[in-house]
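J.: Residue numbers (our numbering), protein chains in the order written: chain S, 18 to 157; chain E, 18 to 157.
The beta carbon of each residue, even a glycine, is placed where N, CA and C say it ideally should be.
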DNA sequence: GACAAAATGAGAGCCGTTCTCATTAAGAGC
DNA sequence: GCTCTTAATGAGAACGGCTCTCATTTTGTC
Ligand SMILES: [Mn+2]
Ligand SMILES: [Mn+2]
Ligand SMILES: [Zn+2]
Ligand SMILES: [Zn+2]
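(1) What's the gap between the Cα of residue 108 of chain S and the Cα of residue 114 of chain S?
(2) If contact means a Cβ-Cβ distance below 8 Å, which residues of the stretch 119-142 of chain S contact chain E?
(3) Name the two residues that bound the continuous alpha helix (DSSP H) containing residue 46 of chain E.
(4) Can you tell me the Cβ-Cβ gap for residue 49 of chain E and residue 72 of chain E, rounded? I've got them flagged as a contact below 8 Å.
(5) Put residue 147 of chain S into one of helix, strand or coil per three-state DSSP.
(6) Beta-carbon within less than 8 Å of residue 53 of chain E's beta-carbon, same chain only, minus the 5 sequence neighbours each way: which residues are those?
(7) Relative to the C-alpha of residue 70 of chain E, which candidate in E:146, E:112, E:33 has its C-alpha closest?
(8) When DSSP labels each residue in this structure, what does residue 84 of chain E get in the three-state scheme?
(9) When the cut-off is 8 Å and only beta carbons count, does residue 92 of chain S lie next to chain E?
(10) In chain S, what lies closer than 8 Å to residue 114 of chain E by C-beta?
(11) Between the Cα of residue 142 of chain S and the Cα atoms of E:84, E:130, E:43, E:82, which residue gives the shortest distance?
(12) Is there a C-beta anywhere in chain S that falls below 8 Å from the one on residue 72 of chain E?
(13) So, for residue 154 of chain E: in the same chain, excluding its five sequence neighbours on each side, which residues have a beta-carbon less than 6 Å away from its beta-carbon?
(14) Across which residues does DSSP place residue 93 of chain S in a beta bridge pair?
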């Protein structure tokens, strides 16, 4: 028989390094295709499927976090200490907010429910999308 | 020339009634396909595209609200006053919380960003899933 | 009832994501 | 360094939720 499983299989490929570097370099969460495009531009041509697989791996590891904004794209970013997010309804930008805005809810409200965490997205419009005089079409 | 536009065009079809009745009858938010299935089972065969179009119309009207849970499906439910949600990491239950827990964020934190709304999910475990001794697998 | 156009049905098309499988190459062991 | 096992990759097909197209039906108005 062959060798028994020892540790979680994980190989250090340049593709994984490229994906991680791309995510680190970005100031906000990126879609898979955007990560693909940037990683590709910054180095060797990597396959889109590899990007997806790598992101999946990083999610399992806890290295990155993912989020659905509502436009059909999943965004990926470095997982760090807890923080809430600002989401621009104009351009879809997904950016971290400094710290946490949510107070511990009074247990009277959560009857029987033990709260272990939360996820908050603040919706609105960034400076560019609000524009000079403040245009901004609402997206429900 | 023809008559000028007077009011927002909206016709009262049995399909729209069926979709609304289905959503009202459900105690929770449903996916478009689930609404399609139920409406269909409860009456005449309605087209999936019609369900989507009707939901879009209801969203514009403000009759229904939509939400992404994170599994790639959009869920639709009756729009009511704003409320946050409790999500059980054990059973996936998604239930409304009385009122809103989120304070207006200090503008110092949101530099240049105009906040128009938010979405908050409190994660944790419901009474059943906490159980007698408190089992409960985490969902990232 | 006649009419204009909103709304529908059926299915093709779109697009982000996942899967398949032949090929490559990372890491363990020598 | 070389060999070997198999994790990982690349290329493209497949998948699935959603949207679009267009001929046809139906609504609301006159
Ligand atoms: Mn984040
Ligand atoms: Mn709700
Ligand atoms: Zn913006
Ligand atoms: Zn539960």
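T.: On the basis of the data shown:
(1) Residue 108 of chain S and residue 114 of chain S: Cα-Cα distance of roughly 17 Å.
(2) Those residues of the stretch 119-142 of chain S that come within reach of chain E (Cβ to Cβ, closer than 8 Å) are 119, 120, 122, 126, 127, 129, 130, 131, 132, 133, 134, 135, 136, 137, 138, 139, 140, 141, 142.
(3) That residue, residue 46 of chain E, is in no alpha helix (DSSP H); it is neither H nor E in DSSP.
(4) Residue 49 of chain E to residue 72 of chain E, Cβ: 6 Å. Contact.
(5) Of the three classes helix, strand and coil, the one that applies to residue 147 of chain S here is helix, per DSSP.
(6) In the same chain as residue 53 of chain E, and ignoring 5 residues on each side of it, the C-beta atoms closer than 8 Å to its own belong to 63, 65, 68, in chain order.
(7) With respect to the C-alpha of residue 70 of chain E, the residue from E:146, E:112, E:33 having the closest C-alpha is E:33.
(8) Three-state DSSP puts residue 84 of chain E in a strand.
(9) Output row for residue 92 of chain S: interface = no.
(10) Within 8 Å Cβ-Cβ: 122, 126, 127.
(11) When each option's Cα is compared against that of residue 142 of chain S, the closest is E:130.
(12) Not one chain S Cβ lies under 8 Å of residue 72 of chain E.
(13) Because the pLDDT at residue 154 of chain E is just 40, under 50, the model does not fix this residue reliably, and the value given afterwards should be weighed accordingly. Within the same chain, residue 154 of chain E has no close Cβ partners at all.
(14) Among the bridge pairs identified by DSSP, residue 93 of chain S is matched with S:47, S:83.
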